[in-house]
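> One structure is given below, represented as structure tokens, and several questions about it will come after.
Numbering (my numbering), first residue to last: 17 to 508.
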């Protein structure tokens, strides 16, 4: 007959319980271990108690299972914070070398590889807050390194490709290990996204954004700046542009002169480019020949109609081009002129909707307002090959009005100084520089004209980390107030 020592009985009993739990699931509670001071067979000494605990960990013992979002990892402390996807309750668990981590395909991961924002299945031992098992939930929706998305924070939705999802009111958003919120996500950021069914619960900013300030930019004011084919803006005084994280080619151009610099932008950090030392070259022009279908189409360069019946001289640099024709969809894009001669061929697509017939008064007005072709040739400018949203067909009078509107939008402080009745107020933090879509609007508290649309507000103060926020303003006839968290002081 085989005799079993009392301590061994305890260990075997625990291992048997572990086998039962592993087989039956996580519905049972594991009782805390304990004993008396009597050194008999029912006593578990300290050394043996630790052995039992180790056996529990190695056996994957747990008494709770949860579907949660990874909020924060502390690799030095050996802890992970989670948020329950149903109740949004947060809790922190300890892990060690016995904790197992898997991706959704059951491939082993290290704790470093487990991403904040991911939706996971968690198993843990509640009395000790011990994390036994983490696995990326195979039933969740997940997208990695997403660039093609569109946020509508007013409706609380995000569109990824052709799929529309709601954003949870308690969504976990993490950027570079720091928890943030959806308003700090810029449309140029690269995201990984996790959710369940039609609801998004976690977002990780894989690539974020930095900031670019131009110095001694006077000569280039009114020209164009192009950052990594992601940002195209007219140059204004005292700008602070939000730019994508990474190394990009930056080009500024005006009056036929241009400068190019490769700049590396770190997340949430500001870079300055001093244009004062750039050698200003003689204004250069390229000759562009347009081939259009239909031949009756009209071409507008930077808002001015040009005569395309002969070669058109356009200054070197970046310009906007718009082509319209009755009964056809307009084409709107950027072109860059950088060679002595070039050909541009454009074929318009017929509009699906029947164009409205012009009234005799409008036709008369159009004929009267046509500019002399020879005068246009002296002022022509050009653009790149990047498309921007097309607009409905308009009369020349409307084109001129649109041009004036666009010019006003590009002027510094135009929005902030508007006399429109309703305003958007930036109340806090106080005493910081505020920029609206890259243009300086004042020191907070500050306000700007309320108009429906999406805007990026950037807050800056010397010695502090710059922050930017995406604001999506509605058309409701009332003022809007925003207060943001204090800027973080930079380490000296």
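Just so you know, even glycine gets a beta-carbon here, dropped at the ideal spot from N, CA and C.
Within the continuous beta strand (DSSP E) that includes residue 241, where are the two ends?
Here residue 241 corresponds to residue number 225 of the chain shown, with the count starting at 1. Residue 241 -> beta strand (DSSP E) spans 240-243.
> Helix, strand or coil for residue 329, going by three-state DSSP, please let me know.
Within the chain shown, residue 329 is the residue found at index 313, counting from 1. In the structure shown, residue 329 sits in a strand (DSSP, three-state: E or B).
> Which one of 167, 325, 143 and 320 has the shortest CA to CA distance from residue 311?
Translated into positions along the chain shown, residue 311 becomes position 295. Of the listed residues, the one whose Cα sits closest to residue 311 is 325.
> Output the distance between the C-alpha atoms of residue 214 and residue 487, rounded to the nearest integer angstrom.
For the purposes of this step, residue 214 is identified with residue 198 of the chain shown, where counting begins at 1. For the purposes of this step, residue 487 is identified with residue 471 of the chain shown, where counting begins at 1. Near 24 Å, if we compare the C-alpha coordinates of residue 487 and residue 214.
> Note down the Cα distance separating residue 226 from residue 264, rounded to an integer number of angstroms.
Locating residue 226 in the chain shown gives position 210, where the first residue counts as 1. Locating residue 264 in the chain shown gives position 248, where the first residue counts as 1. If you take the alpha carbons of residue 226 and residue 264, they lie about 12 Å apart.
> In chain order, what are the residue ranges of uninterrupted beta strand (DSSP E) at least 3 long that sit wholly in the segment 160-199?
The qualifying runs are 165-168, 173-176, 179-191 and 194-196.
> When we look at the beta-carbon of residue 442 and count the other beta-carbons within 10 Å, is it buried (16 or more) or exposed?
Position 426 of the chain shown holds residue 442. When all chains shown are included, residue 442 counts as buried.
> Which value, in whole angstroms, describes the spacing of the CA atoms of residue 464 and residue 147?
One-based indexing of the chain shown puts residue 464 at position 448. One-based indexing of the chain shown puts residue 147 at position 131. Straight-line Cα distance between these residues: approximately 50 Å.
> Can you give me the Cβ contacts of residue 177 inside the same chain, cut-off strictly under 7 Å, excluding the 5 residues immediately before and after it?
For this step, residue 177 is matched to residue 161 along the chain shown. Taken in chain order, the residues that qualify are 164.
> Is it true that the CB of residue 237 sits closer than 8 Å to the CB of residue 224?
Here residue 224 is taken as the residue at index 208 of the chain shown, counted from 1. Here residue 237 is taken as the residue at index 221 of the chain shown, counted from 1. Going by C-beta atoms, residue 224 is not nearer than 8 Å to residue 237.
> Which residues in the same chain have their Cβ closer than 6 Å to the Cβ of residue 239, if we skip the five residues on either side of it in sequence?
In the chain shown, counting from the first residue as 1, residue 239 sits at position 223. For residue 239, where only same-chain residues beyond five positions count, the Cβ hits under 6 Å are 251, 269 and 270.
> Assign residue 437 to one of two classes, buried (16 or more other C-beta atoms within 10 Å of its C-beta) or exposed (fewer than that).
For this step, residue 437 is matched to residue 421 along the chain shown. That one is exposed.
> Since residue 231 sits in a beta bridge, which residues does DSSP pair it with?
Within the chain shown, the letter at position 215 stands for residue 231. For residue 231, which the question treats as bridged, DSSP gives the partners 290.
> Quick check: what's the CA-CA separation for residue 286 versus residue 313?
Locating residue 286 in the chain shown gives position 270, where the first residue counts as 1. Locating residue 313 in the chain shown gives position 297, where the first residue counts as 1. Each residue's alpha carbon lies about 44 Å from the other.
> In the DSSP assignment, what are the bridge partners of residue 204?
The residue labelled residue 204 in the question sits at position 188 within the chain shown. For residue 204, which the question treats as bridged, DSSP gives no partner whatsoever.
> May I have the straight-line CA-CA distance separating residue 495 from residue 172, to the nearest angstrom?
Position 479 of the chain shown holds residue 495. Position 156 of the chain shown holds residue 172. Going by the C-alpha atoms only, they are around 21 Å apart.
> Over what stretch of residues does the beta strand (DSSP E) that includes residue 88 continue unbroken?
Counting from one through the chain shown, the residue named residue 88 turns up at place 72. Counting along the chain, the beta strand (DSSP E) containing residue 88 begins and ends at 80-90.
> Identify every residue that forms a DSSP beta bridge with residue 297.
Here the question's residue 297 lines up with position 281 in the chain shown. Answer is none; residue 297 lacks a bridge partner.
> Can you find the residues in the same chain that come closer than 7 Å, C-beta to C-beta, to residue 175, ignoring five residues on each side of it along the sequence?
As a position in the chain shown, residue 175 is number 159, starting the count at 1. Correct list, in chain order: 165 and 166.
> Residue 247 and residue 281 - do their beta-carbons sit closer together than 8 Å?
Counting from 1 along the chain shown, the entry for residue 281 is found at position 265. Counting from 1 along the chain shown, the entry for residue 247 is found at position 231. Result no, Cβ atoms of residue 281 and residue 247 do not sit closer than 8 Å.
> Give the straight-line distance between the Cα atoms of residue 302 and residue 275, rounded to the nearest whole angstrom.
Your numbering for residue 302 matches position 286 in the chain shown. Your numbering for residue 275 matches position 259 in the chain shown. So the alpha carbons of these two residues sit roughly 17 Å apart.
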